[in-house]
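Taking it in order: structure first as structure tokens, then the write-up.
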Amino acid sequence: MTQRIALIGAGAMGGAIGTRLVETGNTLTVFDLDAERVLALVAKGARSAGSAAEAVSVSDYVVSSLNSPSVVDAAVFGPDGVAEGAMPGTLIIDMSSIDPLATKALAARATEMGLRWVDSPLSGGPQKALTGELTLMAGGEAVDVEEAHNVLKHVSSTYTHMGPSGAGQTTKLINQVLCGLGFMAIAEATQLASDAGIDVAKIPKALKGGRADSVLLQEYMPRFFARDYRRTGRIDNMVKDLDGAQDLARQTNTAMPLTAACAEIHRMLTAAGLGGEDQAALMEFFKGPDRELFQ
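The working numbering puts the first residue of the sequence shown at 6, with every later residue one more than the last.
See below:
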């Protein structure tokens, strides 16, 4: 069964989600402030809308993929936003990665207006969205999370209800701690192997199936070694997520010294102008002081 879906936000992640939703036969209406992003999805079979309210007015579900709580707030509750065009009871599925407290506040406001809210951040990136293999962690009322799966099943292979509103976002922060530290460890190990004269290309195969093996190792050690910086994520987005994890840690009085160090390395690279680069650009951190970035 296909659905009528409004997509709010068609950036790298939203665009991939939208592509998959169209390819699986859904009727997709798209709004983004960047007209070129909308046109890219229209070329694949989506419909365009002049506002979020217009997109929602012809849809049964709303999927948002945006960058920050303030942007989500404006897109949903601002002028010509989702709330203006939505019918009572409309289900909003927010796939943005934002902090749990902001999500709880947004969900509460939606409830006051007669709307429903599920936070369903993701892991896997655009490529996994295109193949329907995202890992999704959802927060919200059980009945709403179950209904949201009618839409999200098209883009995901793993979908888990983690608890009430905000639980999905909390799980995403934990995911990002593991990924951030994992990226850093693999980059560091890649540099050590290279400096020691080991054939780095053989390491993923040599360690496959062992305790050190992981999806990150298999995908990123070759990219780190080759300085393959094709973008599938952004260093500055990792800063945002690791800062969010540390904010949560302060609320829960949880010590996170490794996360703090990892966040500062990402922040250093962002300050050096590499915030928009892929995680593979972490290798720039290991260049000596006599070498310029991207020399």
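Every residue, glycine too, gets a C-beta built ideally from N, C-alpha and C.
Note: Asp99 is bridge-paired with Ser69 and Asp124 in the DSSP secondary-structure output. Sequence-distant partners of Leu279 (beyond 5 residues in either direction) whose C-beta falls short of 8 Å from its own C-beta, in its chain, are Ile240, Ala286, Glu289 and Leu298. In the structure shown, Val156 adopts helical secondary structure according to DSSP, grouped into three states. Rounded to whole angstroms, the gap between the alpha carbons of Val68 and Ile22 is 9 Å. Short of 8 Å from the beta carbon of Leu263, and not among the five residues preceding or following it, lie these beta carbons of its own chain, in chain order: Leu186.
In the three-state scheme derived from DSSP, where H, G and I count as helix and E and B as strand, Gly173 is classed as helix.
Under the 10 Å beta carbon count, Glu269 is surrounded by fewer than 16 other beta carbons and is classified as exposed. Bounds of any beta strand (DSSP E) do not take in Tyr234, whose DSSP letter is neither H nor E. Taking all protein chains shown into account, Glu282 has 16 or more neighbouring C-beta atoms within 10 Å of its C-beta and is therefore buried. Under DSSP, Val35 forms a beta bridge with Leu12 and Ser53. Three or more pairs of CB atoms, one per stretch, sit closer than 8 Å, so the stretch 32-40 contacts the stretch 53-64. Its chain contains Gln181, Val182, Gly185, Thr264, Cys267, Ala268 and His271 as the residues whose beta carbon lies nearer than 8 Å to that of Leu247, once the 5 sequence neighbours on both sides are disregarded; these appear in chain order. Counting other Cβ atoms within 10 Å of its Cβ, Met142 reaches 16 or more and is therefore classed as buried. For the pair Asp252 and Asp124, the CB atoms are not nearer than the 8 Å cut-off.
In the three-state scheme derived from DSSP, where H, G and I count as helix and E and B as strand, Ala147 is classed as helix.
A check of alpha carbon separations from Thr237 across Lys245, Ser101 and Ala134 identifies Ala134 as the nearest. Sequence-distant Cβ neighbours of Arg235 in its own chain, meaning closer than 7 Å and more than five residues away, are Asp283.
Relative to the Cα of Gly144, the nearest Cα in the group Leu26, Met118, Glu117 and Ala113 belongs to Ala113. Look at Gly280 here: in three-state DSSP terms it is coil, with no helix or strand label.
DSSP, reduced to helix, strand and coil, places Thr108 within a helical segment of the structure shown. Each residue's CA atom was taken as its position, placing Gly168 and Asp149 some 12 Å apart. Sequence-distant partners of Ser199 (beyond 5 residues in either direction) whose C-beta falls short of 8 Å from its own C-beta, in its chain, are Val205 and Phe230. In the same chain as Val27, and ignoring 5 residues on each side of it, the C-beta atoms closer than 8 Å to its own belong to Leu33, Leu46, Lys49, Gly50 and Ala51, in chain order. Collapsing the DSSP output to three states places Gly215 in coil.
Proximity to Glu146 across Leu222, Gly173 and Glu89 peaks at Gly173, based on C-alpha coordinates. Between the alpha carbons of Ala15 and Ala260 lies a distance of about 36 Å. In this structure, Pro209 places its C-beta atom within 8 Å of the C-beta atom of Leu222.
Ranked by how close their Cα comes to the Cα of Ala11, the residues Thr29, Ser64 and Ala254 have Ser64 in first place.
Around the beta carbon of Asn31, 16 or more other beta carbons sit within 10 angstroms, so the residue counts as buried.
Counting C-beta atoms within 10 angstroms of its own C-beta, Lys213 has fewer than 16 neighbours from the protein chains shown and is therefore classed as exposed.
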